[in-house]
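Taking full-length UniProt numbering, I'd label the letters of the sequence shown as residues 1 to 365. Quick reminder that beta carbons are idealized off the backbone N, C-alpha and C, glycines included. Computed from a prediction, not measured in an experiment: that's the story for all the values here. Working notes, beginning with the structure itself.
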Amino acid sequence: MGKALLWVLRLLVGGLFIFSGLIKVNDPVGTAIKLEEYFDVFSNDIAGFFYYLKPFALYIGVFLVVVEVVLGVMLILGVRSKFTVWALGLMILFFTFLTFYSAYFNKVTDCGCFGDAIKLTPWESFYKDVILMIMIAGIFALRKFLPESSPSWAKRVVMVVGILSFVLSITAIRNLPFIDFRAYKVGVNIPENMQPSAPLQYSYVMKKDGQEVILDQYPTDKSYEFVEMNLKNPENLPKISDFAVWNNDGDYSEEMFVGNKLVVLVSNYSKMSDANLDEIDVLIQSLANSPIQVVLAAAASEEEINNLLTSRGWDILAVQADATVVKTMIRSNPGLMLLKDGTVLAKFHHNNTPEASEVLDYFIQ
């Protein structure tokens, strides 16, 4: 009975760590962004030294996601079992602290436990970690049944998985995530996703004669006292609620959804890579007389935007945008996005800057 229960717990815990790790291996930049949020919060609330970890967030993120996958595989295959259980226990203690802190103090509203694939509320993340901690405690209690040794092939599998996870992480960083789970993925029509997918329905908590009642319609009877209003179908909320671009001439959000656009996205001017700006220069020049409008959307000040336009010789429309929105749109700084009447046709990392003919092909397909 003990061995059977232990095997089930190993499969559940190991499988969940592998699943969680692989989702984040797909998007290590997203994991780094989430770590930076935690470091900002901890530097203000706990200790200032956390601020100095921000420049290393990407390296820490890659290490953590690879370790998640490797430990999950080690647990299932029984490689260095006792070390693995201790390592998983310490890791889940750390994650439980993060999720509790986020939930209790409402600091980071999404832990990023499953990247952008599965969104959990802070309390859901905390409860998930508590359940995991209980299962790991169960494994620890049954540790006498853990394998004392493992076959050489299992150790080779762990090594291959570790190397492959690391390579996939670096590939995702140098290109774009293999699978895009975000609201701005290819095929999405942005203005449509800025609207509710169905009419929103609300319930109203009212009080009358000291008793609280829940009504589907707001009462006309003035003897009712309003308490709160709750959304009944939150799944129908707009998938995109924060898109906006602007400049000194006003709001350009609607303009972005008209016609053919090549959008050059910059999420942080000071950290923008200049490795492939020459290729972007050539692309912009080649599209000067085409039916495609090139737009720079940057999370930067007017001065920084003007400096970029002048230094690169870009005679294009430039707008400002929120840094979080730009990071959500693309995991590249700078990055390129093709829009046709608000629909995302393609996205490119600056390492994969396309030629003008390739861009034109997307709009005539």
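Query, Result
"Cβ separation of Phe140 and Val85, assumed to be a contact under 8 angstroms, to the nearest whole Å", "6 angstroms"
"Contact under 8 angstroms by Cβ, Ala183 with Thr328", "yes"
"Reduced DSSP secondary structure (H/G/I, E/B, other) of Val73", "helix"
"Cβ pair Val295, Trp246 closer than 8 angstroms", "no"
"Proximity test, Met91 beta-carbon vs the ligand ZN heavy atom, cut-off 7 angstroms", "As presented, the structure is devoid of all ligands, the ligand ZN included, so that no description of it is given."
"Beta-carbon proximity of Ala346 to Ser286, cut-off 8 angstroms", "no"
"CA nearest to the CA of Ser332, picked from Lys3, Leu75, Gly30 and Lys222", "Gly30"
"CB contact check: Ile139 to chain C, cutoff 8 angstroms", "The question asks about chain C, but that chain is absent: this structure has only one protein chain."
"Counted within 10 angstroms of its Cβ, other Cβ atoms place Asn260 as buried (16 or more) or exposed", "buried"
"Separation of Asp209 from Asp45, as counted between CA atoms", "44 angstroms"
"Arg10 burial status per 10 Å Cβ neighbour count (16 or more: buried)", "buried"
"C-beta contact flag for Ile76 and Met133 at 8 angstroms", "no"
"Span separating the alpha-carbon of Ala288 from that of Ser301", "25 angstroms"
"Nearest candidate by alpha-carbon position, reference Phe42, set Val158, Thr99, Leu231 and Asn193", "Thr99"
"Exposed unless 16 or more other CB atoms sit within 10 angstroms - verdict on Pro177", "buried"
"Inter-stretch contact (C-beta, 8 angstroms, three-pair minimum) for the region 257-276 and the region 219-233", "no"
"Proximity to Phe105 [Cα-Cα], best of Ile118, Ala87 and Phe126", "Phe126"
"CB of residue 383 within 8 angstroms of CB of Val13, strictly", "A query on residue 383 cannot be resolved here, the shown segment of the chain reaching from 1 to 365 and no further."
"Residue of His350, Leu215, Thr310 and Ser311 minimising C-alpha distance to Ala275", "His350"
"Touch test, the region 267-274 against the region 299-315, Cβ-Cβ under 8 angstroms, three pairs minimum", "yes"
"For Glu279, the three-state DSSP class (helix, strand or coil)", "helix"
"Residue from Ile118, Pro147, Gly78 and Leu317 whose Cα sits closest to the Cα of Arg156", "Gly78"
"Supposed close pair Thr353, Glu279 - CB separation, criterion 8 angstroms", "4 angstroms"
"As assigned by DSSP and simplified to three states, the class of Ala183", "coil"
"Inter-residue Cα distance where the pair is Glu124 and Ser20", "15 angstroms"
"8 angstroms Cβ cutoff met for Glu36 and Ala57", "yes"
"Any 3 or more C-beta pairs closer than 8 angstroms across the region 192-207 and the region 48-62", "no"
"Close-in-space but distant-in-sequence residues of the same chain around Leu22 (CB under 7 angstroms, 5 per side omitted)", "Val69"
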